[in-house]
Structure formats: structure tokens, C-alpha cells
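As given, the protein sequences belong to chains F and S, one line each in that order.
When we follow the working numbering, the leftmost residue of the first sequence carries the number 1096, and every step to the right adds one.
When we follow the working numbering, the leftmost residue of the second sequence carries the number 352, and every step to the right adds one.
Positions of the beta carbon are idealized from the N, C-alpha and C atoms, including for glycine.
Some notes on the structure that comes next.
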Amino acid sequence: MSIATVFEIVLAALVLGLGIWTIVVRETFSATVGFVAYGLLVALIWVRLDAVDVALTEAAIGGGLGGVLLLGAAARLRDADLMASKTPGKVIRASAAALSVLTAAALADAVLLLPDPAPTLAPPAVANAWATGLSNPVTNVLMAFRAMDTMLEKVVLMLAIVGVWSLAPDSAWGGRPGPRHQADPNGVLAFLARLLPPVGIVVGIYIFWTGADHPGGAFQGGAILASMWLLTIIAGLADTAPVSRRWLRFILVAGPCLFLVVGLVGLLFGAAFLSYPLALAKPLILGIEVAMILTIAATLALLLAGAPERSAKP
Amino acid sequence: MSFVRDMITIAAVSAGAFFFLAGTVGLLRFPDALTRLHALTKADNLGLGLVVLGLLPQAGGLRDGLKLVSIWLLGLLAGATVSQLIARAARHGESTR
């Protein structure tokens, strides 16, 4: 047994243990911390499977932004003390357990009964990379071969933000999301929020740019940009923008709209919906991705900032 | 030449792993938040630093080396900031208790 195999077994056992602990532990805060560690370890598993693109996304969303979102939820739950006052009845708990067991069994069944070798479209995806001029097969699949899925995913992000905003009370509609954060302007957090964003913005754009040929892309880069924006907001250096601002809404729809326009132009003048002319494939993909990274960064940051709480007018 | 490089890597990464182990033991065994933080930051700063130092001879070129060093610097920045924030929260919690 090689060292790599031992490492993989230990990693898998750790992830399983952490997953169980996250479910069993009673405090929501502990469960959240467990979930963040779980996300980072799952990212390591993706690296072991040579799926670095997925690993980056898992670390950014599962470990990073998802963790922040859950921490906020845990803090609110602690305030409301919902967990202590209301435990679900036996029937609900039994049916939830039954549903979970069924889902787990179906997933296990699907994985264990895969034919060997598993059906794959990877060789044709790699063989047709010349058509776009990008050499990262994941970006090729996301932006060209299965661009439809990526476009719909951006629409889902937009629907999510509409869902969060719809929770706003009438008086705060169009106002600023989340509370105004106060922190010592000469403190450590404010210092970090001044020092880190220039570095983070460069790293975010680099991850986006390198996605053409190496692991990376608009989603991972956008998540980093979003976290830099959130850092300045949490440190009290900046405030969230009122959701009624036109530029903000423009950024939120820029990605899916440009995607849709390019797709329709392909339908009218080219072979099919979202078909790129060969000579223009790379510039078109790059253009869509530039719009998408802005949309993703703004959407993720606003999803974490929450529903509008404060009226835009002082 | 590659033998010397490998020896440097093995020595430095082992030393780094030792600091991570010691830091973890300290995190589990030390009595209060501040001493636990002390143990944790040793693992972050020295452990990660030594692992990066050990990986430098294996880096493909200057670019990869610089990337490794910047990972360490970012880790230092994050570790220092977070430990300050946690220490402040711990002291605040003690004074209000």
C-alpha cells in the first residue's frame, strides 16, 4: 500500500467522521465549524482526483462563502433560540430519517453500479479543444460545449438574489442590505481590510484569466472578488450599496444577459443557440466571462449581505 | 545536486510537520484560549513556513517559488489577524464575565 493510498483512506475517513459529527453535534455553531472543515477536506479530495477546478470552487463556496452564510444563520438562530423551543415531532423526524436513508441508498446504488469503465465524454471534449482556442477542458465544457447549463446557472443565481431581496420589509425596500458594520477604524480588521483587497483583487482576476488554460475561471475568481468586497463591508470601511441602484442591478444581470444575447445571435446567424463562430469563439467566451465574473462577484456578495434592512434615505 | 535538494526538502518539511503536530497537541492540551492561540500560531507561522521552505527546492522555477512564498505570506497575514481578533474576543469575554 503506497503512502498516497494511506493518505486517501485517512482523508476519506476524516471526511466521513466530520460529516457525521456535523449532523450529530447539538450546537449550530459547532456544526457550522465542522461543515467548513468538511468543505476544505472535500476540496483536498477533489485535488486528489485531479479535479482542481472543482476543488477551487468547493474551497471557495463550501469552505468560504457557505461557511460565512451558515455562521450568520447560526448567530441568528442563537438569538431567536429556535432550536431549544421547538423540536420536531417523532413522525417528522422518522420521515426525515427515512428520506435521508433513501437518498443515501440511491446515491450509493448509482455510484456502485456504474459500468466499468464509466461512460465519459472527456476524450471528445479534449479532442475538440481546438474549436475554442482554450486548453482547459473544464472551461471548454462550461463555456462552449455545455454553455446552456452555465447560462441557466447564472439565471438561478439571479433568482436566488430576488428570493433574498423579497424578504425585505416594505420600509426598507430598495435600501441597503444587512446591518452597518462597526469596527475600530485603527484596529486589526480594518488594517486587514485595507491591506488584503488589492492582493485579493489581483488573485481573483488571475484565477479568472488563467482559467482559459489552467484550473480556474469566472466562478472561482468571482468568489474571491466577492469575499474582498465583504471584507471591507465587515470591517466597516465600506457600506453595502442600496439595492435600488441602477448600476448594481445592471451588474447583477450583465452576465446572463450578455450570455443570452450571444446565444440568440448564434441562433439567428449561426448554426444553433449559443453556437460561436469559430474565428470569434475565444473573444466571445472571454467577453461573456468578464461580464459573468462581475455578476458572480456582486451576486455572491449580496447573497451573503442578506435582505435590505435599512432605508436608502437617511 | 538533486540529492542535496531532496535532503533539504525532507528536513524542512519534517520540521514543519513537527511544528504542526506540536501546535495541534498544544491546541488540544493547553488550558485557556490565549495559550491555545499561542500554540496554533506557531503551527501556522513556523510550520507552514518550513513546509514552504522545504518545497522551494522542488519548485519548477522562479514563478512557482514566488507563488509558494506568497502563500506563506498570505497565511502569515491571515493567521496574525485572526489570532488578534480571537484574543481580543477572548479577553472581552473574560472581562464581562
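Problem set entry | residue 1272 of chain F - partner residues in DSSP beta bridges | Within the first sequence, numbered from 1, the residue matching residue 1272 of chain F stands at position 177. Paired residue(s): F:1403.
For this session: Pair every Cβ in the region 1234–1241 of chain F with every Cβ in the region 1379–1388 of chain F, then say whether three or more of these pairs are closer than 8 Å.
Result: yes
Exercise. Taking Cβ positions, are residue 1327 of chain F and residue 1292 of chain F nearer each other than 8 Å?
Worked result: Within the first sequence, residue 1327 of chain F is the residue found at index 232, counting from 1. Within the first sequence, residue 1292 of chain F is the residue found at index 197, counting from 1. Yes, Cβ-Cβ distance for residue 1327 of chain F and residue 1292 of chain F is below 8 Å.
Problem set entry | For residue 1234 of chain F, the nearest candidate out of F:1304, F:1341 and F:1131 (CA to CA) | Counting from 1 along the first sequence, the entry for residue 1234 of chain F is found at position 139. When C-alpha distances from residue 1234 of chain F are compared across F:1304, F:1341 and F:1131, the shortest belongs to F:1304.
For this session: Go through the region 1116–1195 of chain F residue by residue and report every complete run of the alpha helix (DSSP H) that reaches 4 residues or more, in order.
Result: 1123–1143, 1147–1152, 1161–1175 and 1177–1180
Exercise. Taking the continuous alpha helix (DSSP H) assigned at residue 405 of chain S, which residues delimit it?
Worked result: The residue labelled residue 405 of chain S in the question sits at position 54 within the second sequence. Residues 399–406.
Exercise. CB-CB under 6 Å to residue 366 of chain S, same chain, minus the five flanking residues each way: which ones, in chain order?
Worked result: Within the second sequence, numbered from 1, the residue matching residue 366 of chain S stands at position 15. Answer for residue 366 of chain S: 401, listed in chain order.
For this session: Note down, in chain order, all residues in the region 1283–1305 of chain F with a beta-carbon under 8 Å from any beta-carbon belonging to chain S.
Result: 1283, 1284, 1286, 1287, 1290, 1291 and 1294
Problem set entry | Residue of F:1098, F:1110, F:1403 and F:1096 minimising C-alpha distance to residue 1265 of chain F | Residue numbering aside, residue 1265 of chain F sits at position 170 when the first sequence is read from its first letter. With distances taken between CA atoms, residue 1265 of chain F lies nearest to F:1403 out of F:1098, F:1110, F:1403 and F:1096.
Problem set entry | Coarse secondary structure for residue 1371 of chain F, derived from DSSP in three states | Position 276 of the first sequence, counted from the start, is the residue given in the question as residue 1371 of chain F. In this structure, residue 1371 of chain F counts as coil in the three-state DSSP scheme.
Exercise. Are residue 371 of chain S and residue 398 of chain S close, meaning C-beta to C-beta below 8 Å?
Worked result: For this step, residue 371 of chain S is matched to residue 20 along the second sequence. For this step, residue 398 of chain S is matched to residue 47 along the second sequence. For residue 371 of chain S and residue 398 of chain S, yes; Cβs fall inside 8 Å.
Exercise. Which runs of the alpha helix (DSSP H) spanning at least 4 residues fall entirely within the region 1263–1313 of chain F, listed in chain order?
Worked result: 1283–1305
For this session: Note down, in chain order, each residue of its chain lying with its Cβ closer than 6 Å to the Cβ of residue 1263 of chain F, except the 5 sequence neighbours on either side.
Result: What you label residue 1263 of chain F is simply residue 168 of the first sequence in a count that begins at 1. Once the five neighbours on either side are set aside, the close Cβ partners of residue 1263 of chain F are 1402 and 1403.
For this session: State yes or no: is the beta carbon of residue 360 of chain S nearer than 8 Å to at least one beta carbon in chain F?
Result: Here residue 360 of chain S refers to the residue found at position 9 when the second sequence is read from its first residue. For residue 360 of chain S, the answer is no, since every Cβ of chain F falls outside 8 Å of its Cβ.
Exercise. What is the DSSP secondary structure of residue 396 of chain S, reduced to helix, strand or coil?
Worked result: Translated into the one-based positions of the second sequence, residue 396 of chain S becomes position 45. Looking at residue 396 of chain S - three-state DSSP - the assignment turns out to be helix.
Exercise. Closer than 8 Å, CB to CB, is residue 428 of chain S near chain F or not?
Worked result: Translated into the one-based positions of the second sequence, residue 428 of chain S becomes position 77. With 8 Å as the cut-off, residue 428 of chain S counts as an interface residue toward chain F.
Problem set entry | Buried/exposed call for residue 1323 of chain F, threshold 16 Cβ in 10 Å | Your numbering for residue 1323 of chain F matches position 228 in the first sequence. By the neighbour-count rule (16 or more Cβ atoms within 10 Å), residue 1323 of chain F is buried.
For this session: Report all residues from its chain with a CB closer than 6 Å to the CB of residue 1330 of chain F; omit the five preceding and five following residues, and keep chain order.
Result: For the purposes of this step, residue 1330 of chain F is taken as the residue at position 235 of the first sequence. Sequence-distant partners of residue 1330 of chain F (beyond 5 residues in either direction) whose C-beta falls short of 6 Å from its own C-beta, in its chain, are 1278, 1284, 1285 and 1288.
Exercise. Buried or exposed: where does residue 1221 of chain F fall if 16 or more other Cβ atoms within 10 Å of its Cβ makes it buried?
Worked result: Translated into the one-based positions of the first sequence, residue 1221 of chain F becomes position 126. Counting of Cβ neighbours within 10 angstroms places residue 1221 of chain F among the exposed residues, the total staying below 16.
Problem set entry | CB of residue 1129 of chain F within 8 Å of CB of residue 1120 of chain F, strictly | Counting from one through the first sequence, the residue named residue 1129 of chain F turns up at place 34. Counting from one through the first sequence, the residue named residue 1120 of chain F turns up at place 25. The answer is yes: Cβ separation under 8 Å.
Exercise. In the region 367–386 of chain S, which residues sit with their C-beta less than 7 Å from some C-beta in chain F, listed in chain order?
Worked result: none
Problem set entry | Residues near residue 1164 of chain F in its chain [Cβ-Cβ closer than 8 Å; skip 5 each side] | As a first step, residue 1164 of chain F is located in the first sequence; it is residue number 69 there, counting from the start. The residues are 1398 and 1399.
For this session: Starting from the beta carbon of residue 436 of chain S, find every residue of chain F whose beta carbon is closer than 8 Å, and list them in chain order.
Result: Stepping through the second sequence from its first residue, residue 436 of chain S is reached at position 85. Simply 1283 and 1284.
For this session: Spatial neighbours of residue 1384 of chain F within its chain, please: CB distance less than 6 Å, with the 5 preceding and 5 following residues excluded, ordered by chain position.
Result: The count along the first sequence starts at 1 and reaches residue 1384 of chain F at position 289. Excluding positions up to five away in sequence, the list reads 1313.
Problem set entry | residue 1338 of chain F, DSSP secondary structure in three states | Walking along the first sequence from the start, residue 1338 of chain F turns up at place 243. In the structure shown, residue 1338 of chain F sits in coil (DSSP, three-state: anything other than H, G, I, E or B).
Problem set entry | Chain-ordered neighbours of residue 432 of chain S on chain F, where CB pairs are closer than 8 Å | Numbered from 1 along the second sequence, position 81 holds the residue referred to as residue 432 of chain S. Those within 8 Å of residue 432 of chain S in chain F are 1283, 1284, 1286 and 1287.
Problem set entry | C-alpha distance - residue 384 of chain S paired with residue 1272 of chain F, whole-angstrom precision | Position 33 of the second sequence, counted from the first residue, corresponds to residue 384 of chain S. Position 177 of the first sequence, counted from the first residue, corresponds to residue 1272 of chain F. About 34 Å.
Exercise. Mind checking whether residue 386 of chain S and residue 430 of chain S have CB atoms under 8 Å apart?
Worked result: By 1-based counting over the second sequence, the position of residue 386 of chain S is 35. By 1-based counting over the second sequence, the position of residue 430 of chain S is 79. Contact flag unset, no.
For this session: Write down the C-beta distance between residue 1396 of chain F and residue 1325 of chain F rounded to the nearest angstrom, noting that I regard them as a contact closer than 8 Å.
Result: Mapped onto the first sequence, residue 1396 of chain F falls at position 301. Mapped onto the first sequence, residue 1325 of chain F falls at position 230. Going by Cβ atoms, the distance from residue 1396 of chain F to residue 1325 of chain F rounds to 5 Å, so yes, they are a contact pair.
Problem set entry | Coarse secondary structure for residue 1235 of chain F, derived from DSSP in three states | Taking the first residue of the first sequence as position 1, residue 1235 of chain F is located at position 140. In this structure, residue 1235 of chain F counts as helix in the three-state DSSP scheme.
For this session: Indicate whether the contact test is met: 3 or more Cβ pairs, each with one atom in the region 1388–1395 of chain F and one in the region 1343–1358 of chain F, closer than 8 Å.
Result: yes
Exercise. Helix, strand or coil for residue 1382 of chain F per DSSP?
Worked result: For the purposes of this step, residue 1382 of chain F is identified with residue 287 of the first sequence, where counting begins at 1. Looking at residue 1382 of chain F - three-state DSSP - the assignment turns out to be helix.
Problem set entry | Straight-line Cα distance separating residue 389 of chain S from residue 438 of chain S | In the second sequence, counting from the first residue as 1, residue 438 of chain S sits at position 87. In the second sequence, counting from the first residue as 1, residue 389 of chain S sits at position 38. The alpha-carbon atoms of residue 438 of chain S and residue 389 of chain S are separated by roughly 10 Å.
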